[in-house]
Each structure stands twice: as structure tokens, then as C-alpha cells.
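Notes to accompany the following structure.
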Amino acid sequence: MRVDYDQMEIEDESMVMGENHIDDFDYPAFNYDYNNEQMEYSSDSKSSKAPSSTGSWLNIPTPPPSPPPPPPPDSDEESPSEDEDGFIQVTEEDYREYERWYAEDDMIELTEMLVETLTEEEIASIKMSAIRLFGHISQRDYERIRYSFKENIRLMSIYRIHKRLAKLSGIDPITVDCCIDICHAFTGCYADEVVCSECNKPRFDSKGKPYKVFEYLPMTPRFQGYFNNPDMVKAMNHRHEYPLEPGRIDEYFDSTNYADLCKSDIIVEGVNLGVKFFGHRRDIAYMVMLDGVELFDQATGSKSTCWPIMAQNLNLPASQRAKLRNIIPLGVIPGPNQPKDFDSFLEPFVEEALDQARGVETFDVTTGKKFTLRAHPVIVSGDMQAIKHVTQMKGPNGKFPCRACEIGGVYHTCRRTYYIPLINPVNRPDAIPDNRYDPDAKPGDHTGFDPLDLPLRTPRRIARQLDKMDAAITKAQREELGTRFGLNGDSILDRIPSIKRPNSYPHEFLHLFLLNHGPELFSLWAGTHSGLEGLDEPLDFVLPLCHRIAIGEETEDSTRWIPARMSRPMPNIHTCISAYCGESWSSWLVYIGPIVLRGRLPEKYYNHYLELVDILKCLLSVTNTRARIEQLKLDVARYVERFEELYYQYKYERLFLCKLTLHAILHVPDDVIRCGPVWVHWSFSMERYCREITFCAKSKVLPYTTISKHALLFGKNDMPIAEAALSKMERTYPGYETHILRFPCLREFQPNKHVRQRLAAYFHTNQPDHSYQEWYKFLPKRCERWGKLRIAEGGDCIRAAVACNPTSVYGKRDSSFVRYSYEKDKNENDPRASVNMISAVGYGRLDFILALTLPRKTPPQRESQSDTNGDDEDLEAITHVLAHITEAKDVDQDATVELVTYRDYGRSFILDVKNVENVAGRVWTRGVRRTGEWAIIDRSGGVARAEFNVEEHGSDDEEQ
């Protein structure tokens, strides 16, 4: 049948494929040349003008001709015959066939399928790219690796990998012009500026290119990509499947903010969507974190600050959400100056957050269906300076600096700073401002604020204050109101329906306790606090030099006796305090400080410090209750009041001790109730991300360009590394799946007489039907001796004493001291009382582990007895995994609840290895006893901690 294409008439312009006749077309061919980065469709004919909805042709046979549109249903015209127009009767299937060939949606789908098809070379290259990114391998070294192993493995160039990742990830950065001095980004009210309204510097150069840009990385494509991974979909069910129990505060989903959101409708820009927050199991809750970081520690006098912004997926379990590969970078605000208008840089994020609240169509690979994905930012976390900018509050050094309450500050004329004590200075009543003055108070009375009844800020109260500021007639009136309210104006984050000011901005644990209040407290004891200069009165809280030296030496020596999993090496806190980071301060304040300060710090100050330790342990507890946090409010209030009584002493000269970081501690319990435990929103993951940012800034000329590229590649790389459940260097035995044995192993170990006696005593105690002598004779002469033990499901790695080599570089960390459980007779000291077995805990040195295989379950009753007389189960060989432990003498207390010390080791005995619970640490101190004693550190009491030796980067056994 001949088709006359010149006679065709097409009414629908969307079907017009150009004026060229199809006979003039040269059929294209798809070019798969990956080496030249050509993935487009090409044609040999230069005159071909075949258009396409995607700008290219597919490698398919000749498509069918375009059929004419069907006549209207009510038309009287007859259908054209084959003889008239060269067409047979057009049917519905003909239109379906045409739609299959020409529909734009199908073209895009085919393109995506081609993009997502990976070759072995690309898979290997992407894996190597992830190793290069997280391992900080330079481009030059990568090219050396690529060239050296070109005969064994083919790796793509860096440029090609970046292009491929861009197509795979779907992350297309939003480029925003910004002022060359980082005054603001040219968004919102600044969008039309050609010259910065703050510094009067031009936006573009002579070629029309912006001098500086900020790249925002959208997170929606990454959220959508999660649902293409069944494992990630399963992991993100954590939020939906989390069991809510009344009175518990163990996660963000136990917080009052989350409960209030679940009851509220989503209102975007005044439009009620008729959908409640987190009404669908796939809805995502995430947290936004930001911080300022100095790029170069030894700067050349010029500033080198940038502001990374990242998000954390709260739908993931706590053990997964903080891993480096699950961090979601949103961009890095370039430096070197501090932005004057943070809101202008956050506008792309706010617009995306609003779109996420409205819903984004997403495909779920586990169901094979599309759904509406909604994601909501629920927490904004950062240090005080960062939160000051995003909340548009006065912040530190303001007259009303606190973001949680409206307590006013007292101005110190010499230091030219506002401080906020609870009690006003007694010796300078003239310095008390009007908002803190009590006219009925008598001279010498303690006036001020009740820590349990502070004038708290609320979203409604802030909204009313902003209305008053907006109604101000003059700029001076507005600024006066802003000073009185402690506000600068509206925050762009207020547009996001899931963010409420100040309830969504909890005080961050790392910066508040570990990098500010804790170090400042120690500087008072060490006498190095800058504010102590000029004070003539005696300071009884300052330690003598000999004590400070001893504390530093004992702290440094404790590194040897504390396992690497518990803490990084502890520098001498007296001479190298600048080497302490947040993790170091956490270990010292909670565990080492109470030991080395005991007997040295005056008792009243030491007891006050122990109150801080109890507060820290409560906040770090993995499990908590609402009642315990309510009690914590009282504990915190007492601690702050006692601090002012001991150190500040209500003297104007000591007003510098009442900083905002001390006052903010009062609001931490309320933050826990509103936003969940402190580990949910602490900044350890942010600091880790900042470390990645600063490490890549090797260029001193264009550091911010390098950082932007690194952040972009960071966002596109999501290559999970498989975590092996069991390595070749490990062994498990039936019944001991939770306690995994690790090399070194001595297969033919021959226990000596004393070990055999302890083995016989162990079996006789647990199975007294057979005598001690029977068990002793029944024991095999040889067994396996293992040197290391790993407790499954995230437990500790323990190295037995027999496997420790003090002369080795790895022998500097001792991880042989363990906590174990056992049962004992409560009435063992009373021979007339009946036996009452109770559970108990002990501590001791794990000498070695034995895997002892018995030929049968129990020894035969008589030597002449045949094995066939017993039960079949009794005749089967059985393996016992046993721990040889030397106890810490006279220790029967629990070191998680009290300070436990010992001086010597006691007896040795055999215990089932399943009774070994975790590794413990020790600190040798002479604070109380001149001859010295050991104090035990046991962090097994459900305390959250930040771990940086995570499995995603692997771990060296020898470092445990």
C-alpha cells in the first residue's frame, strides 16, 4: 500500500513533525561511545532536521505515519476510505501505537533508562570516586592509580565521573549570585540589584558574569532517590514503625513538637492543604544544621570563614542517620566575611521546603506505584552565632540575648558586655537595669529571677512583638522596639509551616556544654580564665600548681588503660588543653574528671561539679522519661544557682562569669521535651562534615570554589559500603552467636594444672551431679585459646591480656578490663541462712578465652559404663566458650552508678563468655591515696556517645 504523505492534513499542531517528508529522512543511530562522552543520537546526513521532544532520535525502526484525527462523535461525515486518502480505517489501537512512538513522557522514560544503565567500568569508577571523596585522595593521585592499574581495571576520568553522577543523581545545583563581600545573596528583595546595596560593589564583571556565587543543592532528588533503593525504604520506615509510649523521651518522635505537628494541618502560604503532618508512612522528617568554620588554622591575617549547611534524615534509625554517607549537604555559603543577611542565602531552601510540604510525586520501587512524597524540616540546630542569624534575634552580647526567654542583661561597663545572672549584683545596685529592679527590695537583698519561672518566649508572643515593630512609624522606633524585644525582624524560616520560633531551635549540646561551659569551668580551676586577671581577692577554687600538674599527668596516662573505642587519646590537660575537642571534653568531664579531681578540688566545688556530671549523664542517657526530665529541671536550676553562689558570689566584679552559655543550661530540659534527646540534634555530625569541608580547601587562592565542587560531589555520592557480618578472622560457635571470637588463636593449647582446676571447679559448680574429680579427669588435654572477643550488634571489641603486647605500637591501649555478671548467694556470709541467689556484677581482667570441646555433655558415672547407656543428647560432643578472668579485688559495686576503686587483683576463675558484658576502662590516681588506686570507668549505663570509628570507613582490629 502506498501512502501519499503530501495529502495528509493534521489539525493538532502538537503532532506536526516538521515540513520535511519522511522519505527525506536519514534514520539515526544511537552512539554508545562512553569514552567521548557522546550519548546523543547522530545522523550521517547533514541536512537532516528531524526534531524531537528531547532533542534527539531513538535507535528504532521507522515509526508509523501520523494518522489524521478522528471525526467528532456527532459528525455526519463519513470516514475517509483507503482509496481516497491512502489510509485504512483508523482505530483506537492505531492511536495507541502512535502515542507509543511519539509521546513525550515515554521518550523521557527511555532516556532515563539509558542514563541509569551502568557498565562495569562506570560502576568501578563510581566506587573509586566515593573512595577518593571520603579518603581525601587528590586528583593527581587518582590519575596515578588510574594509569597504574589500567591493565587490570578501567577507570573513567574525573570529568566523566562527575558528568555521569550528575545524570544518575538528578541533583542540579541552583546557582545564586551573591555579593563579592558576602553581604547578601541576590534573591528576594535583592534580586534586581546590579550593585550591592550594602557595600556598593558591582554584582557582575565586565563580561557579565557574577563575581561570586552560592550553589544550593536541592535535597528533593535525593529523597526521591531513596525510594529507588528497597533497603533505604525499609530503613526509613523507622519513623512510622517507632513505638510511641506515654511518658518516654527516647527519640524525636517522643517530643511534644512532633506530637503537635501530627495533630495539625499543613498550611502553606496561608493555604490549608487539608492534610496533616506526617499522615503518611512515607513522609520524611529532617533536621537542618549550620555552622561557621575557619578554613585555615594559621591564617595570614585575613578572614577565611565559610558557612556549611546540611540536613539529616530523621526517618533513619539513630545508628544510620549520622553516618557520613547519609548526610545531605545543602551547600556552603562562601566567605571570607560573615553574611549580613542570612535569609537571602536561605531562600532557595525555603522555596524547596514549601514545595516539599505541598508534595512531590515520587515512585516507590517496593510497591511499583507513584505516591505524593512530603518532607518537613522540624529542627534547626547550630551554635549560638549561627542560630542568632537564622532566627533574626539579637543573640549573644544583646540586651536581651536569650532566644528562649526575655530575661534582660546587666551591663558591665569595663567589659562593655551584657551578662545575665539570675541574681542581681549586690554591691552595685546602680548597675541593675529597670527591667530587673525590685523597688520593694531592701539593701543587700538578693533580687532577680526564679530559674523555674522565667519569662519564656512563645511563637505567639514573638508574632505580636513583630507586629509592633512593623507598626513603628520611624526606623528609630523600630530599632528601639527590636532592642527591647531582642529581635531583628522576621525570619525567612517562619514561612515553613513545620518550623516555629523559638520551639524548633533547641540549644545544641556540643557547643553549649563541651566547647563552652565545661572548658570555662576547668579554666577557673586552673586559674587560666582571662576574667580572673585583676581580681585581688583570694580565689579558693583555683587549684595549686602541683595538683594541676598531677591532674594533667594522670589524664595523659589514662589513655593507656582506656580502650580506643571508649575515647581518643587524652592529651595532658594541663599543658595541651588546646588539643581538646568536643569528644575529648565529653570523656574528661563525664568519666576522667570525677576521678582525677577527687581529693584535690575543694569539697564544695567538687560536689557542685558532680552535679554537672549527673546532668550530663542524664542528658546523654539513651533511655529517658518525661518524669526524669521534669526532675532534671530542678537539678539544673539548683546547679546554676549554686554556680552563682560559689563563683559569681553576686559581685559586680565577677559578673563576667554569668555568660549566656551558663543561663542557656536552664532551657535544655525544655528543649529535650520539645525536640527530643540532645543526641538527636547535637552537632557532632555537623563538625564531621565541616572537617570534610576544610580538608578539601587546599587552594589558598580559590578555596570556596573548591569547597563548592566538593560539596556538590559529596551530595551526588551515595555508595553504601557492604558491611560484612563476620570476617575470615572471626569464629562463632553454636549457642554463642552474640559473642564472636577473633584471632589470634592457638589451636592446640594445653591448659596447665591451675587452669584445669578452675575449669573443673566451673563445671562442678554448674553441674554438681558429678564430682570435682570426675570433671577434672573428664576434661580434654587440649583446647583452643583465643585472644580477642567481639560482642555482636554494636557491642565492644575486647582484647584479652594474653594478646596484648606492650612493646607493640598497638599495645599502648589496654582493652582487657571487662565488666561481667554472675550470680551469688546473698547470704554467703551467714552460714545459718538459706541460699538466696541474686544477680551481681564484677570487674576484672580478661586473661584469655577458651573454646573447650567435650566428647559428651557430662562425664560418665563410672569408667566401666558404656556410652550407649546414656541418652543420645548426652553423648553428643558439645563446645563451651569460657572466659578466664582475674577479678578486681573487693569490687562488688556498679561503676555506672557510683565511683568504684580498687588497689589489687584478686583470684582467677572461669566464667561463661556470655557473662562478659562490655569492656571497661581504668584510671590510676593518687588524689586520695598517696600510694595510688585504680578507679573504674564503665560507660555501659545507656549513655549516648558520638563514635567516629564507624564501620562505613572500616576499622583496624589492632586499634581496639
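Numbering of the sequence shown is given in the UniProt record's numbering, commencing with residue 1 and proceeding in unit increments. Note that the Cβ used here is the ideal one computed from N, Cα and C, for glycine as well.
Per the C-alpha coordinates, the member of Ile-420, Asp-434 and Ile-499 positioned closest to Thr-458 is Ile-499.
Met-310 is bridged by DSSP to Met-289 and Pro-329.
Out of Arg-674, Gly-921 and Glu-603, the CA that lies nearest to the CA of Gly-844 is found in Gly-921.
By a beta-carbon distance limit of 8 Å, Cys-783 contacts Phe-749. Their separation comes to about 6 Å. Here the alpha carbon of Glu-554 sits roughly 58 Å from the alpha carbon of Gln-477.
Beta-bridge annotation (DSSP): Leu-354 is not paired with any residue. For Trp-924, the secondary structure class from DSSP, reduced to helix, strand or coil, is strand. When the Cα atoms are used, Gln-392 and Ala-404 turn out to be separated by approximately 13 Å.
Contact between Asp-265 and Asn-272 holds, since their C-beta atoms are separated by about 5 Å, short of 8 Å. Under the three-state reduction of DSSP, Arg-856 is assigned to coil, being neither helix nor strand. Rounded to whole angstroms, Asp-440 and Gly-448 show a C-alpha spacing of 12 Å. For Lys-234, the enclosing alpha helix (DSSP H) covers residues 230-235.
His-446 places its beta carbon 9 Å or farther from that of Thr-372. CA-to-CA, the gap between Glu-556 and Tyr-820 works out to about 27 Å.
The beta carbon of Leu-481 lies closer than 7 Å to those of Lys-468, Met-469 and Ala-472 in the same chain, with the five residues before and after it left out. If you look at Thr-372, you'll find it in the beta strand (DSSP E) that goes 369-373. Cβ atoms of Leu-666 and Arg-742 stay farther apart than 8 Å, at about 47 Å. Cα atoms of Leu-875 and Ile-592: separation of roughly 52 Å, rounded to the nearest angstrom. By DSSP's assignment, Pro-377 forms a beta bridge with Tyr-286. In this structure, the CA atom of Arg-856 is about 23 Å from the CA atom of Phe-909.
Nearest neighbour of Pro-780 by Cα position, chosen from Arg-799, Ala-760 and Glu-641, turns out to be Ala-760. The region 592-605 makes contact with the region 533-551: 3 or more CB pairs, one atom from each, lie closer than 8 Å. Ranked by how close their Cα comes to the Cα of Arg-688, the residues Gly-409, Pro-210, Asp-291 and His-608 have Asp-291 in first place.
Within the same chain, no Cβ atom closer than 8 Å to the Cβ of Cys-414 is found once the five residues on either side in sequence are excluded. Every alpha helix (DSSP H) of 4 residues or more that sits fully in the region 371-459 is shown, in chain order, as 384-390.
Counting C-beta atoms within 10 angstroms of its own C-beta, Cys-576 has fewer than 16 neighbours from the protein chains shown and is therefore classed as exposed. Fewer than three pairs of CB atoms, one per stretch, sit closer than 8 Å, so the region 339-358 makes no contact with the region 635-649. Sorting Glu-611, Val-410 and Phe-363 by C-alpha distance to the C-alpha of Glu-641 places Glu-611 at the top. Lys-826 and Val-755 have their C-alpha atoms spaced approximately 27 Å apart.
Looking from the CA of Ser-584, the closest CA among Val-233, Leu-514 and Asp-192 belongs to Leu-514.
In the DSSP assignment, Asn-272 falls outside any alpha helix (DSSP H) and within the unbroken beta strand (DSSP E) covering 271-276. Shown here, Arg-782 sits in coil according to DSSP, grouped into three states, outside any helix or strand.
Put simply, the backbone Cα of Ile-885 is about 59 Å away from that of Asp-172.
By the 16-neighbour rule on beta-carbons within 10 angstroms, Ala-579 is exposed. Take the alpha-carbon of Gly-927 and the one of Thr-896: they are about 20 Å apart. Looking at the DSSP output, Tyr-216 bridges to Ile-174.
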